[in-house]
Amino acid sequence: MNTFTCCDIRDNQAGSKDTLTAGHTKDEGKVDLLYLVEETTEDALYETAGTIAEICENNGAVGSVIAEDSKQQRNLLDIRSAIYEVYKPVFVDSLDTAVPVANIGDLLKEFDAIAEKYGTTTPRFGHVADGNFHNFILMVDGKVPEWADDMRRDIYKAAIKYGGTITAEHGTGKTRKPYMNLQYTPHVLGIMKSIKKAFDPNNILNPGVIIDLDD
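Following the numbering used here, the numbering of the sequence shown begins with 4 at its first residue and continues without gaps.
Here's what the structure looks like:
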C-alpha cells in the first residue's frame, strides 16, 4: 500500500524567479506539483511514481521528473523550502488559508479575482492534499500598499465562503487574532473566552493570544 506523505503545489507566479527553478521548466504551465511517496519496496515505489507521472502527462502536464537519487530529491525539496525566503523581502504578509480539497479550484480562481481587483498578483504555494495555501500580499515599490489589509480580509472571506478557515497549520496567535470575527460569531468567541477563563482565570497562559479576556 502506498502512502502519500506530501502533495504540494506552487503556481507559476511563485515559481517565476530563477532561484526557484534549479534548472527545471520555468514559466510553462500553471502550477508545479510535488508528490512525496513512501512505499515498502523499491519496485513498488517506482511503480507508484511511474503511475503518478503517467496520470499527470495524460492530463496535460508540461513534463514530469522522478527524483531517483538523493541529489535530485534534495534539489526539488530545496526549491520547495526556498519559496518563503525568496519572497520574504518583498511581501507584506504570507497567509495560511485552507479549504476542503473539493473547493480548491474555486478558491484559486477567487485568489486571482481578488489580486486583479487590487492591481497586483498573489504568488502562492501550499499543501494541496490538505487544501492549505500560503499566498503572498506583495509590497509596491518597497512599501506596504494602503489596500493590503483590505486584500487580506477579502482572501480570508473567500476561504470562509468555500467552507474553510483563515488559518491552518500556522495557527492564530496574535497575528490573526484581529480577524477571528470574520470566521466566528460573537457567541462562539464568547464561548472560547468562557473556556479560557475557566482553565486560566489569571490569564497567565499565552496572554493576548487568540482572544483577550479584558475586552
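Idealized CB from N, CA, C, for every residue including glycine.
V102 sits away from G66, with the two beta carbons spaced by 8 Å or more. DSSP places I169 in the coil class of the three-state scheme, outside both helix and strand. Under the three-state reduction of DSSP, S67 is assigned to coil, being neither helix nor strand.
CA-to-CA, the gap between V147 and G166 works out to about 29 Å. Considering only V34, Y38, I169, the residue with the shortest C-alpha distance to A52 is Y38. By the neighbour-count criterion, in which a residue is buried when 16 or more other Cβ atoms sit within 10 angstroms of its Cβ, A162 is buried.
Sequence-distant Cβ neighbours of A171 in its own chain, meaning closer than 6 Å and more than five residues away, are D99, A101, N135.
Ranking I107, D203, G145, K196 by CA distance to the CA of A132 puts I107 first. For F128, the closest C-alpha among the options S97, E149, K120 is that of S97.
Taking the Cβ atoms as the reference, V95 lies roughly 37 Å from A56, outside the contact range of under 8 Å. Here DSSP, grouped into helix, strand and coil, assigns Y38 to strand. When the alpha-carbon of K33 is set against those of S84, R77, G63, the nearest one is in G63. Secondary structure of D217 (DSSP, three-state): coil. Cα atoms of V40 and N78: separation of roughly 16 Å, rounded to the nearest angstrom. Around the beta-carbon of A118, 16 or more other beta-carbon atoms lie within 10 Å, marking it buried.
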